[in-house]
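There are 2 protein chains.
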Amino acid sequence: MLSQEQLALLFSNARTHNEWLDKPISDEQLHAIYDAMKWGPTSANSSPARIVFVKSSEQKAKLVACMSPGNAEKTRKAPVTAIVGMDMVFYEQLIKLFPHAPDARSWFEGNDAVVESTAFRNSSLQGAYMMLAARAVGLDCGPMSGFDAEKINAEFFAGSNVKVNFVCNLGYGDAAKLFPRSPRLSFDEACKIV
Amino acid sequence: MLSQEQLALLFSNARTHNEWLDKPISDEQLHAIYDAMKWGPTSANSSPARIVFVKSSEQKAKLVACMSPGNAEKTRKAPVTAIVGMDMVFYEQLIKLFPHAPDARSWFEGNDAVVESTAFRNSSLQGAYMMLAARAVGLDCGPMSGFDAEKINAEFFAGSNVKVNFVCNLGYGDAAKLFPRSPRLSFDEACKIV
């Protein structure tokens, strides 16, 4: 198991960052994040997340124009911004991803409600795996859901079956500029054991 | 950052388990999981996940009756099964959880589409935090989305605003009974850097 210090790196000491140090992220670091997160569990190993790591200033400018005003400047400044998308025809990959059940595609195809909830739930799980993997390799995260989804889909996923789920800045956060930490619900407020 | 071995504990060596050793989980371990996962980021710190940890044989029997046939026996055998729910009026807690924006409740209340996507996305993120926290404290997970949601809501969340998102067995997996591991998409199949 992990030590308290290692747990703190992932959870209690990790913060959502809004200000970024001027320090780049390498493509190798992005590969290291994916090579960890890809192993996280998804329904029928469906792995619906599709990620665009936006790094160039040209593509970043296109993305910044899709963000809510309050999310624009931090997105511009982050060395990389991940667009976490979901493949709405993820079931086409199941013959490869879930080979022991050759009929797995038929569990989803044509059942729009199940396709949508499976894509949304599981790409969200994978987005969380991405954020914790990023922290595990020493980076900070700044997830955001304030953006124009149709505009992001048009700019980054045109001609595909992928739709944006959420967006997350990645980089080295400027700890000096953190807000005070907000409280969390207690165990008894959020959980029970029966 | 974490070592390769520690990353492997969370990701590459961790497996979804279907068979469980006869070894209990303590309430202290469940508290340790929550005390880590609660710090994971959510939109406006909304923290919509509500978890019922089902441990007693009486409550477990009620839950098993809600599961799909293929998920029943493993749910019966797991020492604890977590029902990850989502509070559909999570915005009532924002005055406490997001105190620096006293109007945060108004961003959600009455906007059903935003409430639903926020609750679903963020309780899914928190479910992923829960699974990785469980692995971090030495446990194994077996997440499932095959169940009768209306029946679970009636049995475990009646009279509340909470709805089930997904269900996850927790315990010490029997590694001898694992299936061969299914493949994952390559970086280039799932990601791009632009």
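Protein sequence lines correspond, in order, to chains E and C.
The number in the working numbering is simply the position in the first sequence, starting from 1, with 1110 added.
The number in the working numbering is simply the position in the second sequence, starting from 1, with 1110 added.
No residue lacks a Cβ here, since even glycine has one placed at the ideal position from N, Cα and C.
- Less than 8 Å between the CB atoms is what I'm expecting for I1135 of chain E and L1249 of chain E, so what's the real figure, rounded? Stepping through the first sequence from its first residue, residue 1135 of chain E is reached at position 25. Stepping through the first sequence from its first residue, residue 1249 of chain E is reached at position 139. About 7 Å separates the two Cβ atoms, so the contact holds.
- Best match in C:I1303, C:R1245 and C:D1197 for proximity to A1268 of chain C [C-alpha to C-alpha]: Reading the second sequence from its first residue, position 158 is the one you call residue 1268 of chain C. The shortest Cα separation from A1268 of chain C among C:I1303, C:R1245 and C:D1197 belongs to C:D1197.
- Message: For a contact defined as C-beta to C-beta under 9 Å, what are the partners of P1209 of chain E on chain C?
- Response: Position 99 of the first sequence, counted from the start, is the residue given in the question as residue 1209 of chain E. Correct list: S1292 and P1293.
- Residues, ordered as in the chain, of the region 1112-1136 of chain C that lie near chain E by beta-carbon distance below 8 Å: L1112, Q1116, L1117, L1119, L1120, F1121, S1122, A1124 and T1126
- Task: Could you check which residue in C:V1304, C:S1157 and C:L1117 has the C-alpha nearest to that of K1148 of chain E?
- Result: The residue you call residue 1148 of chain E lines up with position 38 of the first sequence. Of the listed residues, the one whose Cα sits closest to K1148 of chain E is C:L1117.
- Message: Is the beta carbon of F1200 of chain C closer than 8 Å to that of A1229 of chain C?
- Response: Start at 1 with the first residue of the second sequence, and residue 1229 of chain C comes out as number 119. Start at 1 with the first residue of the second sequence, and residue 1200 of chain C comes out as number 90. In this structure, F1200 of chain C lies closer than 8 Å to A1229 of chain C by Cβ.
- Query: Do the CB positions of L1207 of chain E and R1215 of chain E come within less than 8 Å of each other?
  - Reply: Sequence index remark: in the first sequence, residue 1207 of chain E carries index 97 (1-based). Sequence index remark: in the first sequence, residue 1215 of chain E carries index 105 (1-based). No, the pair does not count as a contact, with Cβ atoms beyond the cut-off.
- Which class does I1135 of chain E belong to by DSSP, given the choice of helix, strand or coil? What you label residue 1135 of chain E is simply residue 25 of the first sequence in a count that begins at 1. Three-state result, I1135 of chain E: coil.
- Query: Do the region 1221-1237 of chain C and the region 1272-1279 of chain C meet, that is, are 3 or more Cβ pairs less than 8 Å apart?
  - Reply: yes
- Touching by the beta-carbon criterion (3+ pairs, under 8 Å), the region 1278-1287 of chain E and the region 1238-1255 of chain E: yes
- Message: For a contact defined as C-beta to C-beta under 7 Å, what are the partners of C1176 of chain E on chain C?
- Response: Here residue 1176 of chain E corresponds to residue number 66 of the first sequence, with the count starting at 1. The premise fails here: C1176 of chain E is roughly 14 Å from chain C at the closest Cβ pair, so nothing lies under 7 Å.
- Message: Using only the alpha-carbon positions, how far apart do A1175 of chain E and W1130 of chain E sit?
- Response: As a position in the first sequence, residue 1175 of chain E is number 65, starting the count at 1. As a position in the first sequence, residue 1130 of chain E is number 20, starting the count at 1. A1175 of chain E and W1130 of chain E: Cα-Cα distance of roughly 19 Å.
- Task: Compute the Euclidean distance between the alpha carbons of E1299 of chain C and M1241 of chain E, then round it to the nearest angstrom.
- Result: Here the question's residue 1299 of chain C lines up with position 189 in the second sequence. Here the question's residue 1241 of chain E lines up with position 131 in the first sequence. C-alpha separation (whole angstroms): 20 Å.
- Compute the Euclidean distance between the alpha carbons of A1146 of chain E and F1121 of chain C, then round it to the nearest angstrom. Counting from 1 along the first sequence, the entry for residue 1146 of chain E is found at position 36. Counting from 1 along the second sequence, the entry for residue 1121 of chain C is found at position 11. Going by the C-alpha atoms only, they are around 6 Å apart.
- Task: Go ahead and label F1257 of chain E buried or exposed: buried means 16 or more other beta carbons lie within 10 angstroms of its beta carbon, across all protein chains shown.
- Result: Translated into the one-based positions of the first sequence, residue 1257 of chain E becomes position 147. Flag for F1257 of chain E reads buried.
- Item | Residues that H1192 of chain E bridges to, as DSSP identifies them | One-based indexing of the first sequence puts residue 1192 of chain E at position 82. In the sequence as presented, His is not what sits at residue 1192 of chain E; that position holds Ala. Answer is E:F1163 and E:C1278.
- Task: Less than 8 Å between the CB atoms is what I'm expecting for L1235 of chain C and G1150 of chain C, so what's the real figure, rounded?
- Result: As a working note, residue 1235 of chain C is residue 125 in the second sequence. As a working note, residue 1150 of chain C is residue 40 in the second sequence. Sure, about 7 Å apart at Cβ, within 8 Å.
- Query: Mapping DSSP to helix, strand and coil, what is V1247 of chain C?
  - Reply: Residue 1247 of chain C sits at position 137 when you count from the first residue of the second sequence. Note: V1247 of chain C maps to coil in three-state DSSP.
- Query: Would you say I1262 of chain C faces chain E, with C-beta separation under 8 Å as the test?
  - Reply: The residue given as residue 1262 of chain C occupies position 152 in the second sequence. Judged by the 8 Å Cβ criterion, I1262 of chain C is not in contact with chain E.
- Query: For E1168 of chain C, which option in C:A1244, C:V1304 and C:P1189 has the closest C-alpha, if you only look at C-alpha atoms?
  - Reply: Here residue 1168 of chain C refers to the residue found at position 58 of the second sequence. Selected option, being the one with the closest Cα: C:P1189.
- Anticipated Cβ contact below 8 Å, A1192 of chain E with F1218 of chain E, distance rounded: Numbered from its first residue, the first sequence carries residue 1192 of chain E at position 82. Numbered from its first residue, the first sequence carries residue 1218 of chain E at position 108. About 25 Å; that fails the 8 Å criterion.
- Listed by chain order, chain C residues near Y1144 of chain E by CB distance under 8 Å: Taking the first sequence and counting its residues from 1, one reaches residue 1144 of chain E at position 34. Correct list: F1297, A1300 and C1301.
- Message: Can you pull the chain E neighbours of Y1239 of chain C, defined as C-beta to C-beta under 8 Å?
- Response: Position 129 of the second sequence, counted from the start, is the residue given in the question as residue 1239 of chain C. What Y1239 of chain C touches in chain E: F1121, A1238 and L1242.
- Message: The alpha helix (DSSP H) that contains K1184 of chain C, what's its start and end?
- Response: Your numbering for residue 1184 of chain C matches position 74 in the second sequence. Segment P1179 to K1187, the alpha helix (DSSP H) holding K1184 of chain C.
- Message: Counting C-beta neighbours from all protein chains within 10 Å, is the total for H1127 of chain E 16 or more, i.e. buried, or is it exposed?
- Response: In the first sequence, counting from the first residue as 1, residue 1127 of chain E sits at position 17. With 16 or more other Cβ atoms within 10 Å, it is buried.
- Query: When the Cα atoms are used, what is the spatial distance from A1154 of chain E to A1182 of chain E?
  - Reply: For the purposes of this step, residue 1154 of chain E is taken as the residue at position 44 of the first sequence. For the purposes of this step, residue 1182 of chain E is taken as the residue at position 72 of the first sequence. Looking at the two C-alpha atoms, the distance is approximately 36 Å.
- Could you tell me the distance, in whole angstroms, from the CA atom of L1295 of chain E to the CA atom of S1157 of chain E? As a first step, residue 1295 of chain E is located in the first sequence; it is residue number 185 there, counting from the start. As a first step, residue 1157 of chain E is located in the first sequence; it is residue number 47 there, counting from the start. The alpha-carbon atoms of L1295 of chain E and S1157 of chain E are separated by roughly 30 Å.
- chain C contacts from the region 1194-1218 of chain E (Cβ-Cβ distance under 9 Å): D1197, Q1203, K1206, L1207, F1208, P1209 and H1210
- Message: Which of the three DSSP states is assigned to K1273 of chain E in this structure?
- Response: On the first sequence, position 163 is the one that residue 1273 of chain E refers to. In this structure, K1273 of chain E counts as strand in the three-state DSSP scheme.
- Run the CB neighbour count on A1264 of chain E, radius 10 Å, all protein chains shown included, and call it buried at 16 or more, exposed below. For the purposes of this step, residue 1264 of chain E is taken as residue 154 along the first sequence, with counting starting at 1. A1264 of chain E should be labelled exposed.
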